[in-house]
Amino acid sequence: MPTAKVVFATITGNNEDCADIIAEALEDLGVEVDESEISQTDADEFENFDICVVVPYTYDEGALPEEGMDFYEELSDLDLKGKIFGVAGSGDVFYEEFYCIAVDAFAKAFKAANAKQGAEPVKINLAPESEEDLNQLDAFAKKLVDSYNASQN
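So our numbering is basically just the index in the sequence shown, starting at one, shifted up by 2.
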């Protein structure tokens, strides 16, 4: 059974909701999931899982979550070769060019750590409430599992 670590950072609760939806979708696909908040998690925990997911928020004009800065810096120093990763996050399109920048930053950090991107990043405007949002997050989880399965052959 594949394993996944889902780490989230949230202020409004929207990213925790996204993480919960992703975790549930992964579990429905037969993955054993461990979910935690970023300030309570060490990046090297990803070394113990097959699928690695981060769900960060973007603060103000493109800032990464303050409580996740150590995690972010540690992440790019790891060697996660053989691990599948995905990044999703909630933001507010009001911030235009700064919308969900943290999602892109964490994807770059995973690539620097030699992890393989298993799904395109998902960016959700505000709370993940619409049918489209839920479908996007479910499809994201499925792509991660499909990528993991393909890497095992």
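Glycine included, C-beta positions come from ideal geometry on N, C-alpha and C. Keep in mind the model is a prediction, meaning the values are calculated, not measured.
Considering only the beta carbon of each residue, do Glu63 and Tyr97 sit closer than 8 Å? Going by C-beta atoms, Glu63 is nearer than 8 Å to Tyr97.
How should Ser92 be labelled, buried or exposed, when 16 other C-beta atoms within 10 angstroms of its C-beta is the threshold for buried? Buried, by the Cβ-count rule.
Check the Cβ-Cβ distances between Cys20 and every residue of chain B, and say whether any is below 8 Å. Absent from the structure is chain B; it holds one protein chain and no more.
Could you work out which residue in Ala117, Met3, Leu128 and Glu133 is closest to Ile86 when comparing CA atoms only? Distances from the alpha-carbon of Ile86 to those of Ala117, Met3, Leu128 and Glu133 put Ala117 closest.
Rounded C-beta distance between Pro130 and Asp52? I'm assuming under 8 Å. Their Cβ separation, rounded to whole angstroms, is 24 Å, which puts Pro130 and Asp52 out of contact at 8 Å.
Residues near Asp94 in its chain [Cβ-Cβ closer than 8 Å; skip 5 each side]: Excluding its 5 nearest sequence neighbours in each direction, Asp94 has C-beta neighbours in its own chain below 8 Å: Tyr101, Asn127 and Leu128, listed in chain order.
Nearest-angstrom Cα distance between Ser149 and Val35? For Ser149 and Val35, the distance between alpha carbons rounds to 16 Å.
Just the C-alpha distance for Lys110 and Ser38, rounded to the nearest angstrom, thanks. Lys110 and Ser38 have their C-alpha atoms spaced approximately 21 Å apart.
Confirm, please, whether the CB-CB distance from Ala114 to Ser78 is below 8 Å. Against a cut-off of 8 Å, the Cβ pair of Ala114 and Ser78 comes out as a contact.
Please report the Cβ distance between Gly88 and Ala121, rounded to the nearest whole angstrom; I am assuming they are in contact, meaning their Cβ atoms lie under 8 Å. Indeed, because the Cβ distance is near 4 Å, the residues count as touching under 8 Å.
Hey, out of Val8, Thr12 and Glu99, whose CA is closest to Ala27's CA? Of all alpha-carbon atoms in Val8, Thr12 and Glu99, the one lying nearest the alpha-carbon of Ala27 is that of Val8.
Cα separation between Glu29 and Ala90? Our two residues, Glu29 and Ala90, have alpha carbons roughly 17 Å apart in a direct line.
Considering Asp72, what are the terminal residues of the beta strand (DSSP E) in which it resides? Taken as a continuous stretch (DSSP letters only), Asp72 belongs to no beta strand (DSSP E), being part of the alpha helix (DSSP H) at Met71 to Leu77.
Suppose contacts are defined by Cβ-Cβ distances below 8 Å. Is Leu136 in contact with Ile23 by that definition? The criterion of a C-beta distance shorter than 8 Å is satisfied by Leu136 and Ile23.
Same chain only: Cβ atoms within 7 Å of Asp19, ignoring 5 sequence neighbours per side: Taking C-beta separations shorter than 7 Å and ignoring five residues to either side along the sequence, the partners of Asp19 in its chain run Ala129 and Pro130, following chain order.
Residue range of the unbroken beta strand (DSSP E) whose run includes Phe112: Careful: Phe112 lies outside any beta strand (DSSP E), inside the alpha helix (DSSP H) at Ile103 to Ala114.
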